[in-house]
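Chemist:
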Amino acid sequence: MAFLNETFSPESLAADLTQLLSADVTPFVQERLQTIAPAPENLTQLAEALDIINLDQTADFLTAITNEEFLDSINQTLRNGLARRAEFLSEQTIDSSSGSLADGDWLTGLVGALTSNIDGSLDTLLNGGYATQEDAIATEQADRAGNTLTTAHNLGVLSSNQTVQDFVGAADANDYYRFSLTQRSRLRLALTGLTANADIELLNRDGKVLEASYGEGLASEEMTQAVDAGDYYIRVSSAGGDSNYRLAVAANVLSVPDNAGNTFRTARNIGTLGSSRSFQDFIGNGDANDFYRFSLSQNSNFSLELTGLSADADVQLFNSLGQLVEQSWAPGSSSESINRSLAAGTYYIRVFPYATANTNYRLTLNAAELTASPSSFSNVYGYGLVNAADAVARALGQATSLPDVANLGGNNWGLDLVNAPEAWARGYTGDGVVVAVIDSGVDINHADLRDNIWVNTDEIPNNGVDDDGNGYIDDINGWNFGVGQNNNNVLPGTNDPGQGHGTHVAGTIAAANNGIGVTGVAHESSIMAIRMGDVSGGRFLNAGNLAQAIRYAVDNGADVINMSLGWTDSPEIQAALAYAASNNVITVSASGNGDANGNGLPFPGNPARYATQYGISVGAVDINQDIARFSNRPGNNSDLQHVVAPGVRVYSTTPNNTYGFSSGTSMATPHVAGVVALMLDANPNLTHAQVRQILTDSSVRLA
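The letter at position 534 of the sequence shown is residue 534 when you use UniProt numbering, and the numbering goes up by one with no holes.
1) Consult DSSP for S295 and reduce its assignment to one of helix, strand or coil.
2) Within 7 Å: the Cβ of V164 and any heavy atom of the ligand HEM?
3) Are L155 and R184 closer than 8 Å when you measure CB to CB?
4) So what does Y348 bridge to, in DSSP terms?
5) Nearest by alpha-carbon distance to T356: which of E369, A343 and G332 is it?
6) Do G594 and F630 count as a contact pair if the criterion is CB distance below 8 Å?
7) Assign S662 to buried or exposed, taking buried as 16 or more other Cβ atoms, counted over all protein chains shown, within 10 Å of its Cβ.
8) Can you pull the DSSP bridge partners for H153?
9) Would a C-beta distance cut-off of 8 Å place residue 788 and T654 closer than the cut-off?
10) Taking the beta strand (DSSP E) that R633 falls in, what are its first and last residues?
11) Counting C-beta neighbours from all protein chains within 10 Å, is the total for R633 16 or more, i.e. buried, or is it exposed?
12) Mind reading off the beta-carbon distance from L644 to G384? Whole number of angstroms is fine, and I expect it under 8 Å.
13) Excluding the 5 residues flanking S334 on each side, which residues of the same chain have their C-beta closer than 6 Å to its C-beta?
14) Alpha carbon to alpha carbon, how far is S295 from I550? Give it in angstroms, no decimals.
15) Let me know the secondary structure DSSP gives L306 once reduced to three states.
16) Here's a check: name, in chain order, each residue in its chain whose Cβ is nearer than 8 Å to the Cβ of A212, leaving out the five neighbours to either side.
17) What residue range is occupied by the uninterrupted beta strand (DSSP E) comprising W479?
18) Quick one: what does DSSP say S526 is sitting in, helix, strand or coil?
19) Sorted by chain position, which residues of the same chain lie with C-beta nearer than 6 Å to A677's C-beta, five sequence neighbours on each side aside?
20) Can you tell me which of the three DSSP states D697 falls into?
21) Going by alpha carbons, who is nearest to D312 out of S337, T359, F291 and N269?
22) Reducing DSSP to helix, strand and coil, say where Y552 ends up.
23) Inspect the beta-carbon positions of A553 and I530 and report whether they are closer than 8 Å.
24) With H, G and I counted as helix, E and B as strand and the rest as coil, what does DSSP make of P670?
25) Tell me which residues share the same chain as W567 and place their Cβ nearer than 7 Å to its Cβ, disregarding the 5 neighbours each side in the sequence.
26) To the nearest angstrom, how far is the alpha carbon of V168 from that of R188?
27) May I have the straight-line CA-CA distance separating V535 from T263, to the nearest angstrom?
28) Going by the beta-carbon positions, is the gap between L158 and V249 smaller than 8 Å?
29) What did DSSP end up calling E201 once you bin it into helix, strand or coil?
30) Within the same chain, show all residues whose beta-carbon is closer than 6 Å to that of T307, passing over the 5 residues directly before and after it, in chain order.
31) Determine, using beta-carbon pairs with one atom in the stretch 285 to 300 and one in the stretch 338 to 353, whether at least three such pairs fall under 8 Å.
32) Go to R394, then tell me how far its alpha helix (DSSP H) extends in each direction, as first and last residue.
33) Taking Cβ to Cβ, would you say A511 is nearer than 8 Å to G517?
34) If we ignore side chains and look at the alpha-carbon of each, how far apart do I270 and D416 end up?
35) Return the residue from the list V227, R144 and R340 that minimises the CA-CA distance to A260.
36) Let me check one thing: in DSSP terms, what residues is F264 bridge-paired to?
So, in structure tokens, the structure goes:
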């Protein structure tokens, strides 16, 4: 048609369409043009406004004439008519020989297709494809379900099974039903008899989806859900094509009330667990998870039993971060149990069915105070997980652990695991305590460390004079014992990843609590940086004398010495450790990271092995308090003062104001050094022997 691109006014367009349709459609055209901004100037622009992209393609054309915005702009009966004709056309075989839409004359094709087989009458089109408006109304009354929440068909109070039959499709995309429950019930919905894909949703009284079934094709849709008394909606929706359907709704009152929550957030709060408690409930179809929350006010031996099962159900124990601690997976209807030592804190229990099992159950919980004794030494965990809340309390002479506080969560899980925030809440942060880090150097300019770097106030910087007479010139922040090095340069090198090791360790001990990055266990302690190797190579290339480094730390005011390292044994090292102990300086040493294959050895390395007499040996556990595969074990000698701490994927400071994760007993050791700093903040008069005893006696026994 030559006039497709000619400009027109609403009146001229109306005249053109009137000519084509043999009917006066001026009111419709003028109304439609008012909804298009800017108004089209010709028929091609009108086609574009109607979202008709490929005019020669029947499918695109049919999509365009049922475009939601276009249909919403015209009256209801015309919308039904267009939709019904589009459905009819989509089922026909259209080819160019019959003068179809494929011949490129899209406007003529539109008119012919929409009016064919319905007497070519615009009135018939406006009646939604029916001969008369009365026929259209009579047919539309067959739609029993409402199309919105407010017009939902009311099924009333469900007291027995109900079945309804209806239709969803292009002209009736959503059917809504409303019902009520007077008691908590197990609700079953089934959508069957489909002739095209359709879905079903269960909504609460506010229209929020509680459960849904979105199966594909003609497969039936089903769902079962335990729901409380109240008002609900069901939505049946078309998911492609027109379909009849049969909706069956059944509700059975639950014999056992569901008192447990279905998520971590809604877990039933038991409170502080101090004695045996029992709970009865149900899990199965419609109630797939029961969650409980409880707290322990002290380190405890915890036990759990799940009994009274008629089908297979399992149970899991989670920490306050929602991370799995332990689980029980006994087969069939066998009882489930969990027994282990737990640190003070908050925990969650999840009871859930295996596959499609349905069963009532009895959950019994018990907690008893964990008391320390030499017999509780483990050849895997030593004396257990270091516990700042109890260690600081004992340093203060208190019989009970410091009160529990909320966990920090996220990358601070290590702080939570050793209960450092409990000590902070009482004002103990390591203030005034100096921790020497003998390692690969420390980035003393890091934003999270620079305010917590030890300064030798008796030394004048960079004057080339040993002002304090300690034998080390310009040792402002520590000393570099590397052979052939600039010995007052304690910064890490830049050409090897291992150079950042000491900075990571220092951050775990003393990163500032400044709202950025990470926070150290003793975040107001001071780091004395002692470097052991070459800044141009690996971590300990051209390493210096470890015994001298230990003595330097002792002589220059360190209270704690962190050694996240292994070293060749020598009488000089043993003597230096003894020297530290005699001056009540606590040495904390990594037990080591196992053999060449990453498997932990049954004994600690050096200098940790001297913890039978001096200082503390440290192994690594993960977030679930399980021993790290690489961590060296303490062996069977209970004289070895060995504890464990977080050492798997620990997040801390790295050089150049960066942060990163790292694993190893090297990462566990600074957690313990930080706890010792908290103890000395609480009681600076503790002796070497007292620190060792308190630290091991207060640790959480792990099996």
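Using N, Cα and C, we set each Cβ at its ideal position, and we do this for glycine too.
Modeler: Answer, in terms of the structure:
1) The sequence position of residue 295 within the sequence shown is 295, counting from 1. Strand.
2) As far as ligands go, the structure on display features none, and thus does not contain the ligand HEM.
3) The residue given as residue 155 occupies position 155 in the sequence shown. The residue given as residue 184 occupies position 184 in the sequence shown. The Cβ atoms of L155 and R184 do not sit closer than 8 Å to each other.
4) Position 348 of the sequence shown holds residue 348. Residue pairing by DSSP places Y348 opposite R293 and F318 in a beta bridge.
5) Looking up residue 356 in the sequence shown gives position 356. Distance from the Cα of T356 is smallest, within the candidate group E369, A343 and G332, for G332.
6) Here residue 630 is taken as the residue at index 630 of the sequence shown, counted from 1. Here residue 594 is taken as the residue at index 594 of the sequence shown, counted from 1. Cβ distance < 8 Å, so F630 and G594 count as in contact.
7) Residue 662 sits at position 662 when you count from the first residue of the sequence shown. With 16 or more other Cβ atoms within 10 Å, it is buried.
8) Counting from 1 along the sequence shown, the entry for residue 153 is found at position 153. Under DSSP, the beta-bridge partners assigned to H153 are Y177.
9) The question about residue 788 has no answer here: the residues shown for the chain are numbered 1 through 703.
10) Indexing the sequence shown from 1 puts residue 633 at position 633. Premise fails: R633 is in no beta strand (DSSP E) and is neither H nor E.
11) For the purposes of this step, residue 633 is taken as the residue at position 633 of the sequence shown. It is buried - the Cβ of R633 has at least 16 other Cβ atoms within 10 Å.
12) In the sequence shown, residue 644 corresponds to position 644, counting from 1. In the sequence shown, residue 384 corresponds to position 384, counting from 1. Leu is not the amino acid found at residue 644; the sequence shown has Val there. About 7 Å; that satisfies the 8 Å criterion.
13) For the purposes of this step, residue 334 is taken as the residue at position 334 of the sequence shown. Cβ within range, chain order: n/a, list empty.
14) Residue numbering aside, residue 550 sits at position 550 when the sequence shown is read from its first letter. Residue numbering aside, residue 295 sits at position 295 when the sequence shown is read from its first letter. Across the structure, I550 and S295 are spaced so that their CA atoms are roughly 42 Å apart.
15) In the sequence shown, residue 306 corresponds to position 306, counting from 1. It is a strand residue.
16) The count along the sequence shown starts at 1 and reaches residue 212 at position 212. D199, I200, E201, L202 and M223, listed in sequence order.
17) Locating residue 479 in the sequence shown gives position 479, counting from the first residue. Looking at the DSSP string, the run of the beta strand (DSSP E) that includes W479 is G478 to N480.
18) As a position in the sequence shown, residue 526 is number 526, starting the count at 1. Note: S526 maps to strand in three-state DSSP.
19) As a position in the sequence shown, residue 677 is number 677, starting the count at 1. Same-chain partners within the cutoff: G430, V433, V435, A522, S525 and V560.
20) Numbered from its first residue, the sequence shown carries residue 697 at position 697. Shown here, D697 sits in a helix according to DSSP, grouped into three states.
21) Residue 312 sits at position 312 when you count from the first residue of the sequence shown. Answer by Cα proximity: T359.
22) For this step, residue 552 is matched to residue 552 along the sequence shown. Helix, per DSSP.
23) Reading the sequence shown from its first residue, position 553 is the one you call residue 553. Reading the sequence shown from its first residue, position 530 is the one you call residue 530. Their beta carbons are under 8 Å apart, which means A553 touches I530 by this criterion.
24) Sequence index remark: in the sequence shown, residue 670 carries index 670 (1-based). Look at P670 here: in three-state DSSP terms it is helix.
25) Position 567 of the sequence shown holds residue 567. Residues of the same chain with a CB within less than 7 Å of the CB of W567, apart from the 5 flanking positions on each side, are L546, I573, N606 and P607 in chain order.
26) As a first step, residue 168 is located in the sequence shown; it is residue number 168 there, counting from the start. As a first step, residue 188 is located in the sequence shown; it is residue number 188 there, counting from the start. Distance between the alpha carbons of V168 and R188 is about 21 Å.
27) Here the question's residue 535 lines up with position 535 in the sequence shown. Here the question's residue 263 lines up with position 263 in the sequence shown. Taking the straight line from one Cα to the other gives about 52 Å.
28) The sequence position of residue 158 within the sequence shown is 158, counting from 1. The sequence position of residue 249 within the sequence shown is 249, counting from 1. Contact annotation: L158 and V249 have beta-carbon atoms nearer than 8 Å.
29) Taking the first residue of the sequence shown as position 1, residue 201 is located at position 201. In the structure shown, E201 sits in a strand (DSSP, three-state: E or B).
30) On the sequence shown, position 307 is the one that residue 307 refers to. Cβ within range, chain order: S335 and R362.
31) Yes, the stretch 285 to 300 touches the stretch 338 to 353.
32) As a first step, residue 394 is located in the sequence shown; it is residue number 394 there, counting from the start. R394 -> alpha helix (DSSP H) spans A388 to A395.
33) Taking the sequence shown and counting its residues from 1, one reaches residue 511 at position 511. Taking the sequence shown and counting its residues from 1, one reaches residue 517 at position 517. Yes, Cβ-Cβ distance for A511 and G517 is below 8 Å.
34) The residue labelled residue 270 in the question sits at position 270 within the sequence shown. The residue labelled residue 416 in the question sits at position 416 within the sequence shown. Their backbone Cα atoms lie some 21 Å apart in a straight line.
35) Reading the sequence shown from its first residue, position 260 is the one you call residue 260. For the residues V227, R144 and R340, the minimum Cα distance to A260 belongs to V227.
36) Along the sequence shown, read from residue 1 onward, the residue named residue 264 stands at position 264. Within the DSSP bridge table, the entry for F264 names no partner.
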